[in-house]
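Using full-length UniProt numbering, read the sequence shown as starting at 1 and increasing by one per residue. All residues carry an ideal CB built from backbone N, CA and C; glycine is no exception. Down below is the structure, laid out as structure tokens.
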Amino acid sequence: MRGDGDGWVVCDAGHRHWGRFGAAGLLLRHGDAVLLAHRVWWSHHGGTWGIPGGARDSGESARDAALREAVEETGVDASRVRLTGETTDDHGGWSYVTVHARLDTDDAPPLEPTDGEATELRWTPVDEVSDLALHPGFGAFWAGPEAVERLP
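As structure tokens, then:
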């Protein structure tokens, strides 16, 4: 079932974004690694790596949207995800919220893409993330000041 947030919008700066009510993604950390998704070729910025996420529905918090999207896209067990904070990238009239989280398990489970939006999921060591072709939005976040220190 599709939510009411699916759709393109233009922010105050004139850029096109997915998510009528904004978007959110889950930056999930386990040990010294984060969960990244290799975006399918047909998606916006396909072929790049980013975090699971997508459009927010009306009335849905960024935290709820990020967790819902991560479960839909990866099959991660939501009961094992501990939300720890968030960072907002406000574009004026549209925003993307990166929700920070930790996976509370001894071992990081192998995960497979579950909805066709990614070709691969990978637990990527924090010090190797910058070596990948990153989604431009996630790349800007990751390159920001003290990005690793902001991780949960």
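For residue 41, the CB contacts under 6 Å within the same chain, skipping 5 residues up- and downstream, are 47 in chain order. Counting along the chain, residue 68 sits inside no beta strand (DSSP E); it lies in the alpha helix (DSSP H) bounded by residues 62 to 74. The DSSP-derived three-state label of residue 43 is coil. Just measuring C-alpha positions, the residue of 20, 13, 45 and 70 sitting nearest residue 34 is 70. Only residues of its own chain outside the window of five on either side were considered, and among them none has a CB closer than 7 Å to the CB of residue 107. Contact between the stretch 14 to 21 and the stretch 66 to 84 is absent: fewer than 3 CB-CB pairs across the two stretches fall below 8 Å. Taking the Cα positions, residue 117 is about 9 Å away from residue 52. No Cβ-Cβ contact shorter than 9 Å links residue 120 with residue 65. Nearest to residue 78 by alpha-carbon distance, out of 28, 91 and 134, is 28. Apart from sequence neighbours up to five positions away, the residues of its chain that approach residue 43 with a beta-carbon distance below 8 Å are 117, ordered along the chain.
Taking every protein chain shown into account, the CB of residue 97 has 16 or more other CB atoms within 10 angstroms, so this residue is buried. Within the stretch 99 to 137, complete beta strand (DSSP E) segments of at least 3 residues are found at 118 to 125, given in chain order. In chain order, 57 and 58 place their CB closer than 6 Å to the CB of residue 4, counting only its own chain and leaving out the 5 sequence neighbours on each side. Counted as a single uninterrupted DSSP element, the stretch harbouring residue 6 is not any beta strand (DSSP E), since DSSP gives it neither H nor E. DSSP, read as helix, strand or coil, puts residue 20 in strand.
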